[in-house]
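Everything on this sheet refers to the single structure shown next.
Written as structure tokens, this is what we have:
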């Protein structure tokens with residue numbers, strides 16, 4: 157397989173594995189590039205919640221991947237035959253259904269397929285097609301490399317990456333599976349070589365979100381809780397406030413909203429009550445601890461918010477910075493939080509002063525473990541160094557219009573193509589591709605990342621992943637996609653697959 161790359165300057169760069177590649181020997185572990193995605197269970201839970209919130213609003217808002225533009229939909233060129241670099245091999249699928257002798261003219265869609273959702277470097281919510289594939293821990297997804305690595309940005313992994321098998325209009329019937337670790341070929345990760353446009357992603361156990369029961373807890377338990385939570389200010393009577401004030405810890409939960417006749421006083425003034433005043437982080441950090449005016453009022457309160465909520469608060473902050481001094485922060489994975497800081501102000505209450513107590517609430521039961529991906533939907537087998545010219549069944553969720561603007565697909569439901577792969581490797585000048593195999597098929601973008609299944613059993617709904625949709629091409633020049641292509645899966649692909657297939661990921665909950 158190709159191991160010589162021509163950089164922009166025109167000089168030839170030979171990799172350390174050039175000799176091995178040209179000699180046709182088995183590829184080394186250094187062919188494998190791996191990158192972390194969601195680094196902790198807490199990060200993964202926040203990512204799943206981002207997509208599932210508001211009845212799957214973010215899932216519904218995502219659009220198909222748009223790596224390819226009209227100028228890229230070009231004619232494929234024959235590049236001659238292939239030479240297998242190792243012996244052919246297969247890994248059997250998991251979750252086989254009971255065999256049946258009945259024959260059907262209908263194609264039974266695999267239970268393993270679905271969509272991967274992610275946020276790219278531009279902040280756009282996008283999706284591709286993908287499939288569950290067999291692995292030691294039943295936790296692996298196969299898709300295109302460009303559906304995992306953000307090409308054009310030094311190949312950083314996509315943000316908020318999840319797999320949703322059986323996805324349909326915002327619904328996740330088998331749960332949401334958050335990516336933990338991405339595996340691809342070194343040449344794609346470093347050089348964006350589309351001859352290696354494939355990736356395997358380990359995923360955490362799925363989680364299912366929805367429902368939940370609200371429960372009032374202490375401030376300490378609220379701070380520790382990693383799930384959905386809220387803090388509400390509840391008005392109380394003067395007598396209730398006085399009882400709360402006797403509690404030495406009450407300064408974190410009981411306070412007043414001064415009336416029009418209230419006056420600022422010191423903490424020792426007879427009948428004085430404390431008011432909390434929201435301030436900036438810098439003011440809070442500089443404040444002392446104690447009961448003086450300007451001293452800290454309890455611990456900061458942090459809210460986990462959506463992109464829209466963060467944007468709305470920042471818009472208010474730009475107009476009235478004094479009124480909205482909280483810190484709005486986005487972490488490296490793209491998750492937003494708003495943190496509020498308070499100091500004390502003691503007042504002599506007026507007759508229209510109102511008394512409040514802060515109630516801390518957590519929502520339990522809003523998320524539950526959905527189990528391992530392969531246990532729920534099974535996993536397709538894997539095949540490498542197989543001869544071309546064999547029948548394959550390709551699945552995906554096409555959505556984009558053809559280059560001429562004609563739109564055949566919606567992306568709502570999966571589609572399929574069937575036929576024999578080209579006997580010769582083909583290339584695309586648009587992406588400097590030299591070693592793809594092609595199939596006559598009119599599916600458009602959105603189907604990229606979908607599996608090419610060798611020996612697909614319609615009764616078992618299982619086969620062997622022997623490619624993934626990478627490019628969309630127009631062979632007859634009528635501005636309609638009529639061929640799709642996939643990298644040829646060889647021994648180096650198997651090396652990447654095996655590296656991913658033996659890595660444990662674990663649970664989110």
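In this note's numbering, the protein residues as written are 157 to 665.
Even for Gly, the Cβ is constructed at its ideal location relative to N, Cα and C.
Only a predicted model underlies this, so the values are computations on that prediction, with no experimental measurement involved.
Tell me whether residue i sits in a helix, a strand or coil according to DSSP, three-state version.
i, result
"residue 537", "strand"
"residue 492", "strand"
"residue 205", "helix"
"residue 284", "strand"
"residue 508", "coil"
"residue 670", "A query on residue 670 cannot be resolved here, the shown segment of the chain reaching from 157 to 665 and no further."
"residue 443", "coil"
"residue 199", "helix"
"residue 189", "strand"
"residue 597", "coil"
"residue 220", "strand"
"residue 398", "helix"
"residue 638", "coil"
"residue 608", "strand"
"residue 317", "strand"
"residue 215", "helix"
"residue 378", "helix"
"residue 301", "helix"
Measure the alpha-carbon distance for residue i versus residue j and round it to whole angstroms.
i, j, result
"residue 393", "residue 420", "21 Å"
"residue 500", "residue 517", "23 Å"
"residue 293", "residue 528", "8 Å"
"residue 328", "residue 659", "25 Å"
"residue 584", "residue 349", "12 Å"
"residue 391", "residue 191", "50 Å"
"residue 622", "residue 314", "24 Å"
"residue 467", "residue 476", "14 Å"
"residue 546", "residue 594", "11 Å"
"residue 231", "residue 591", "14 Å"
"residue 434", "residue 599", "55 Å"
"residue 249", "residue 365", "29 Å"
"residue 540", "residue 661", "25 Å"
"residue 497", "residue 341", "47 Å"
"residue 271", "residue 335", "13 Å"
"residue 277", "residue 513", "43 Å"
"residue 373", "residue 323", "36 Å"
"residue 630", "residue 559", "9 Å"
"residue 216", "residue 210", "10 Å"
"residue 386", "residue 398", "25 Å"
"residue 542", "residue 243", "9 Å"
"residue 628", "residue 596", "10 Å"
"residue 619", "residue 303", "22 Å"
"residue 569", "residue 305", "25 Å"
"residue 647", "residue 379", "50 Å"
"residue 531", "residue 338", "21 Å"
"residue 578", "residue 291", "29 Å"
"residue 523", "residue 461", "17 Å"
Would you say residue i touches the ligand ADP, meaning its beta carbon is less than 7 Å from a heavy atom?
i, result
"residue 583", "Looking for the ligand ADP in the displayed structure turns up nothing, as the structure carries no ligands at all."
Over the uninterrupted alpha helix (DSSP H) stretch that includes residue i, give me the two end residues.
i, result
"residue 650", "647-657"
"residue 344", "342-347"
"residue 463", "463-475"
Between the options, which lies nearest to residue i when the distance is taken from Cα to Cα?
i, options, result
"residue 297", "662, 280, 656", "656"
"residue 369", "552, 519, 555", "519"
"residue 495", "232, 457, 439", "457"
"residue 447", "468, 418, 411", "411"
"residue 567", "385, 284, 510", "284"
"residue 533", "575, 616, 513", "616"
"residue 607", "524, 644, 634", "644"
"residue 556", "220, 316, 214, 199", "220"
"residue 423", "415, 441, 451", "451"
"residue 586", "263, 351, 551", "351"
"residue 438", "652, 482, 186", "482"
"residue 509", "414, 197, 441, 200", "414"
"residue 549", "201, 263, 196, 267", "263"
"residue 478", "505, 436, 506", "436"
Could you spell out where the beta strand (DSSP E) holding residue i opens and where it closes?
i, result
"residue 411", "410-413"
"residue 431", "429-435"
"residue 389", "385-392"
"residue 355", "355-359"
"residue 622", "618-624"
For my contact list, residue i and residue j are in at a C-beta cut-off of 8 Å; report their separation, rounded to the angstrom.
i, j, result
"residue 650", "residue 206", "Between residue 206 and residue 650 the Cβ distance is about 34 Å, and since that is not below 8 Å, they are no contact."
"residue 223", "residue 358", "Residue 223 to residue 358, Cβ: 23 Å. No contact."
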